[in-house]
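Protein chains in written order, with my numbering: chain A, 1 to 322; chain B, 1 to 322. Here is the structure we will look at, set down as structure tokens.
There are 2 protein chains.
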Amino acid sequence: MRSLPPASTQAIAADLIALLVAVTAGDPRVLTIQDQNALPSGPFELAHRSLQSGLRAWVERQTGLPLGYVEQLYTFADRDRTGAADQRIISISYLGLTREQGLTREQAESSQYEASWRSWYDYFPWEDHRLGTPVADKTLRSGLTAWIAAAPDRTTRSHRRQRAARLFGLDDHIWNEELVLQRYELMYEARLIPEALRGDGSPVPTAITTSVPGDPMILDHRRILATGIARLRAKIKYRPVVFELMPETFTLLQLQRCVEALAGKLVHKPNFRRLIEQQELVEDTGETSQETGGRPAKLFRFRRVVLAERAIAGTKLPISGT
Amino acid sequence: MRSLPPASTQAIAADLIALLVAVTAGDPRVLTIQDQNALPSGPFELAHRSLQSGLRAWVERQTGLPLGYVEQLYTFADRDRTGAADQRIISISYLGLTREQGLTREQAESSQYEASWRSWYDYFPWEDHRLGTPVADKTLRSGLTAWIAAAPDRTTRSHRRQRAARLFGLDDHIWNEELVLQRYELMYEARLIPEALRGDGSPVPTAITTSVPGDPMILDHRRILATGIARLRAKIKYRPVVFELMPETFTLLQLQRCVEALAGKLVHKPNFRRLIEQQELVEDTGETSQETGGRPAKLFRFRRVVLAERAIAGTKLPISGT
DNA sequence: GCCTATTATACTGATGTTGAGTATAAGTAT
DNA sequence: ATACTTATACTCAACATCAGTATAATAGGC
């Protein structure tokens, strides 16, 4: 077994990739650059104290966004993810939660990289189940069916059918909104998305491929996005991170809409309110909002103390399996 | 905002650190090298297809261990974690589950690095609550008390008291076995562990420091171990990963002891069995084990199919908050 | 043969959580 | 005024969880 450090002295470089999420107008959005098909990335420099501080410094300087919550997502270094074969880039991806606003003048005016916010459902239309099963499903389904039918033998076919059914909530399986990455991976295997067709010379089933909606991204950025969505959908259930995405004060329905936007499905209103109140996550500001079109709603504020209280204990949000 | 790759071409190297876990004789153990205070690490080479395949190849070749489950833990690159200031090592840590056996001859005979299995409670004695609150607690508690008392002002003191109470289950707080990392970080801040005293020239409260039990490790390896323990303790509750640590056949009590070893606390037997059976995680082999000293116990086998079935749906284990 | 230690198995009840439905209050648009 | 929208407050059944108890089957020591 090898001894300690003697680290390899090869041509390796490190990049930080930022997945910045905000929720605006009931839409979960990600910050993109370059014709809106790439995630912003920055170099990891020796000057940085740590990976996270490197990311924070770089993002806040360049965008002026208030980065509340930041967490490491995943580290990638697959050989085939970058074109060059002799050099290797390690990409450490981070998920950051913020609010869509306050892009610096510099940022807003510079159209060089065309930084802009885009709904993550532009890239994953099949992940939005708020209005029932999305339209994408019809073409997606035929793609899946073709993939299942194309299996070499009976058992493989059966396995594929099972897997597709479980992941996409077919037959009597229920839709599980957390399986974003697994669904993406299945579609990659099934070559239903353009990314799968890069680099190797195997036949391209254009008929299927071109028909499945959802914009692709460069390299494996869409995969990183899938990872982030999955992580966030899981996290909001046991950590009070949603509030990083909310304005200072908000109504309970706004909060609910935000959660629904992230989860991609609707929640039961009375239960949602019960859970929020039971856990004392918010406090009444005494003010009301009349912009709702109906009875004025109380405005609440996040009780910042719970961050200290439950850095530990955790939280619950009612996103059920139905 | 920066464009895409232009990755920095600085002196950066990448290392893979392996946290290999097995459970033997009711003890959760980790593979260590170098006088048993370091985790094995290997280089990340250009030849490797991906990070995970690099780790797998390297571990299995050198140790002959059957690596079942492998997952990425965390990526570190803090400046102060390595001695050298001008070079930067990115360490990607992985958690691997295996069984303690089948170390290759080469491995077993080579005493060069003295690879050996050690109980993770050697490094974290305060994490084992199977026999009630561990003895470590007395010295640990006085350390915490000193840290609380040393706070500069009243509010800080109150916060420290709160935090310590919640993390270590003092007063009427319950012990949460998942907070391994947070406890380690508190102790680091409170300078109750030797690692905290490296590198900077601040005063050393030897009286306290030397009295808190638990072996230190080199660099930030003990922190990585804490991260891994926390991850595993969380994971066994919703993923059937325990079985990677079990022999082919086992009794329900053996399984329970394994879970208890990992969680560091005892579980309620009837409830444990009910949950295991309800979920159909195991199947009867028809054989029994008489090595228990009592009534022969049925031998069970893990139903490998559930890996396919619930790569998705998840699993439950009864590790309660009491 | 009896006692004890060990495990297997079955049941019970209190408590808490969850999903879903209903009723009433307070505003706005027509 | 009326309808429509949203806010807020309850209720209820189904289910899961925690904890405790009782009984049966086997081995080993005395």
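Every residue, glycine too, gets a C-beta built ideally from N, C-alpha and C.
Any C-beta of chain B under 7 Å from that of residue i
| i | result |
| --- | --- |
| T75(A) | yes |
| I224(A) | no |
| A14(A) | yes |
| S111(A) | Here the model assigns S111(A) a pLDDT of 47, short of 50, so the residue's position is not dependable, and the following value carries that caveat. No, its Cβ sits nowhere closer than 7 Å to a Cβ of chain B. |
| L307(A) | no |
| I92(A) | yes |
| L51(A) | yes |
Beta-carbon contacts of residue i that lie in its chain and below 8 Å, excluding the five residues immediately before and after
| i | result |
| --- | --- |
| E178(A) | A230, R233 and A234 |
| I218(A) | Q34, N37 and A38 |
| T251(A) | S289, T292, A297, K298, L299 and F300 |
| W120(B) | V21, P28, R29, V30, E127, L225 and I229 |
Cβ pair residue i, residue j closer than 7 Å
| i | j | result |
| --- | --- | --- |
| A190(A) | W147(A) | yes |
| G264(B) | H129(B) | yes |
| L73(B) | S93(B) | yes |
| V21(A) | L97(A) | yes |
| Q19(A) | L95(A) | For the record, residue 19(A) in the displayed sequence is Leu; it is not Gln. Yes. Within cutoff. |
| Y69(A) | E291(A) | no |
| R222(B) | Y123(B) | yes |
| R303(B) | E283(B) | yes |
| H173(B) | A165(B) | yes |
Residue i, enclosing beta strand (DSSP E) - first and last residue
| i | result |
| --- | --- |
| F384(A) | The requested residue 384(A) does not occur in the structure, where chain A is confined to residues 1 to 322. |
| L31(A) | D27 to T32 |
| A18(B) | I12 to T24 |
| G324(B) | Here chain B has residues from 1 to 322 only, and residue 324(B) is not among them. |
| D284(B) | V282 to S289 |
| L95(A) | R88 to L97 |
| P43(A) | S41 to P43 |
Rounded separation between residue i and residue j - CA only
| i | j | result |
| --- | --- | --- |
| E260(B) | L266(B) | 5 Å |
| R273(B) | G294(B) | 18 Å |
| A57(B) | I90(A) | 19 Å |
| S116(B) | T32(B) | 5 Å |
| D15(A) | F44(A) | 5 Å |
| G201(A) | I193(A) | With a pLDDT of only 46 at G201(A), under 50, the local geometry of the prediction cannot be trusted, and the value read off the model is given with reservation. Their Cα atoms are separated by approximately 15 Å. |
| A151(A) | K316(B) | 33 Å |
| G64(B) | R99(B) | 11 Å |
| A149(A) | L186(A) | 15 Å |
| P270(B) | R29(B) | 27 Å |
| P240(A) | L307(A) | 8 Å |
| Q162(A) | L144(A) | 11 Å |
| A13(B) | Q101(B) | 32 Å |
| T75(B) | W175(B) | 28 Å |
| A77(B) | Q52(A) | 9 Å |
| T227(A) | I236(A) | 15 Å |
| R183(A) | L167(A) | 6 Å |
| S142(A) | M246(A) | 38 Å |
| R154(B) | V23(A) | 39 Å |
Where the alpha helix (DSSP H) containing residue i begins and where it ends
| i | result |
| --- | --- |
| E60(A) | L51 to T63 |
| W117(A) | Segment S116 to S119 is the beta strand (DSSP E) holding W117(A); no alpha helix (DSSP H) there. |
| L275(B) | K269 to Q278 |
| E71(A) | Element bounds for E71(A): not the alpha helix (DSSP H) but the beta strand (DSSP E), V70 to F76. |
| Y188(B) | V180 to E189 |
| G228(A) | H221 to K235 |
| R161(B) | R154 to F168 |
| G143(A) | A136 to A149 |
Chain-order list of residues whose beta-carbon lies under 7 Å from that of residue i (same chain, five-residue window excluded)
| i | result |
| --- | --- |
| W140(B) | Looking at the sequence itself, residue 140(B) is Leu, so the reference to Trp does not match. Only W126 and V212 meet the Cβ criterion. |
| R118(A) | R29, V30, T32 and Q36 |
| L275(B) | K316, L317 and P318 |
| R157(A) | I148 and A151 |
Minimum Cβ-Cβ distance from residue i to chain A less than 7 Å
| i | result |
| --- | --- |
| I236(B) | no |
| I174(B) | no |
| L170(B) | no |
| R2(B) | With a pLDDT of 45 at R2(B), under the threshold of 50, the modelled position of this residue cannot be trusted, and the question is left open. |
| R304(B) | no |
Cut-off 6 Å between Cβ atoms - residues of its own chain near residue i, not counting five sequence neighbours on either side
| i | result |
| --- | --- |
| T285(A) | T249, L299 and R301 |
Any non-hydrogen atom of the ligand HEM within 6 Å of residue i CB
| i | result |
| --- | --- |
| E178(A) | Among the components of this structure there are no ligands whatsoever, and the ligand HEM is therefore not found. |
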